[in-house]
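Undergrad:
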Amino acid sequence: MSLLQTLTETPWNSHADEASAVAAHAGTPSVAPQRVALWFFLGIVAVLFALFSVAYVVRMDLQDWRPMPESPALWVNTGMLFLSSLALQWTRMNLHRNAARVRAGLLLGALTTIAFVVGQLLVWRAMSADGYIVYGNPANSFFYVLTGLHALHILGGLWVWIRTGVKVRLGASPDEVRLSIELCSTYWHFLLLVWLVVFALLSYT
């Protein structure tokens with residue numbers, strides 16, 4: 509199985525809301541298995557980025573390290589991801605209140621996330637045009653690997669988020685997609701935290 513397949517087949521996507529409805533009908537208090545799977549997945553992702561971060565810090569002390577210039581566009585992209593996380597949290601908070609707000613939050617979260625990914629692509633393109641190619645220097649390689657790996661995780665979550673939004677547009681009630689929205693918002697908050705750490709690391713020279 510490829511990395512992209514692993515990321516897109518997210519653990520909270522499969523029959524998440526059906527399992528939640530069954531548990532609620534049975535009246536048995538329990539933790540949804542999708543929640544456990546998500547936290548397990550987040551733990552693996554955290555370890556992965558931690559290992560890359562340690563390797564980055566160790567590698568930058570060697571003489572052939574040439575730091576890449578900081579792109580102002582990365583600040584804009586960070587703002588987009590922050591807005592995306594806020595939008596998903598706002599959607600989650602309105603699950604009991606207003607279906608129109610849920611639809612608006614789903615749309616806003618998707619648009620700001622797409623804006624983040626497009627912004628990252630533009631940064632990579634600008635860096636390459638300026639001569640900072642992947643194999644030009646170890647610092648370049650780490651930049652593309654860290655930002656690219658993070659973007660892949662964003663795309664994996666975005667696929668689930670868009671599918672949830674489509675279900676709502678086709679008539680699904682907020683209760684029917686509650687678990688997916690809750691888990692997606694948790695995933696986005698985690699990826700925002702990871703990005704802030706990565707961004708700080710890349711900005712450190």
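By this note's numbering, the letter at position 43 of the sequence shown is numbered 551, and the numbering carries on one by one without gaps.
All C-beta atoms in this analysis are idealised placements derived from N, C-alpha and C, irrespective of residue type, glycine included.
1) Give me the Cα-Cα distance between A779 and W669, rounded to the nearest whole angstrom.
2) Identify which residue in E578, Y712, L594, M568 has its Cα closest to the Cα of V647.
3) Between the beta-carbon of F650 and the beta-carbon of Y712, is there less than 7 Å?
4) If we ignore side chains and look at the alpha-carbon of each, how far apart do E787 and A634 end up?
5) Using a Cβ-Cβ cutoff of less than 8 Å, which residues in the same chain neighbour V705 once the five nearest sequence positions on both sides are dropped?
6) With a floor of 3 residues, list each beta strand (DSSP E) that falls wholly inside the segment 543 to 590, ordered by position along the chain.
7) Are the CB atoms of Y640 and M576 nearer to each other than 7 Å?
8) Tell me which residue opens and which closes the alpha helix (DSSP H) that N602 is part of.
9) Around the Cβ of A659, are there at least 16 other Cβ atoms within 10 angstroms (buried) or fewer (exposed)?
10) Can you check whether the CB of L596 is closer than 7 Å to the CB of G627?
11) CB-CB under 7 Å to F590, same chain, minus the five flanking residues each way: which ones, in chain order?
12) Quick one: Cα of V674 to Cα of I622, how far?
13) Write down the C-beta distance between C692 and G664 rounded to the nearest angstrom, noting that I regard them as a contact closer than 8 Å.
14) Excluding the 5 residues preceding and the 5 following R609 in the sequence, name in chain order all residues of the same chain whose CB lies nearer than 6 Å to its CB.
15) I'd like to check one pair, R611 with V676: are the Cβ atoms closer than 7 Å?
16) In angstroms, rounded to a whole number, what distance separates the CA positions of F548 and A554?
17) To which residues of the same chain is W573 closer than 8 Å at the C-beta, ignoring the five residues directly before and after it?
18) Between the Cα of Y652 and those of S681, P682, L710, spot the shortest distance and give me the residue it belongs to.
19) Exposed or buried, I662, counting other C-beta atoms within 10 Å across all chains shown (16 or more means buried)?
20) Assuming S593 contacts F624 (C-beta within less than 8 Å), just tell me the rounded distance between them.
TA: According to the structure data:
1) Any property of residue 779 remains undetermined from this structure, which presents the chain solely from 509 to 713.
2) Before going on, a small fix: residue 647 reads as Ala here, not Val. Measuring from the Cα of A647, the nearest candidate turns out to be M568.
3) no
4) Residue 787 cannot be examined here, being either before or after the span of the chain that is shown, 509 to 713.
5) F557, S561
6) none
7) yes
8) Note, N602: premise wrong, no alpha helix (DSSP H); not H, not E.
9) buried
10) no
11) L700
12) 16 Å
13) Contact flag wrong, Cβ pair sits at about 11 Å.
14) N602
15) yes
16) 10 Å
17) R567, N645, P646, A647
18) L710
19) buried
20) About 10 Å separates the two Cβ atoms, so there is no contact after all.
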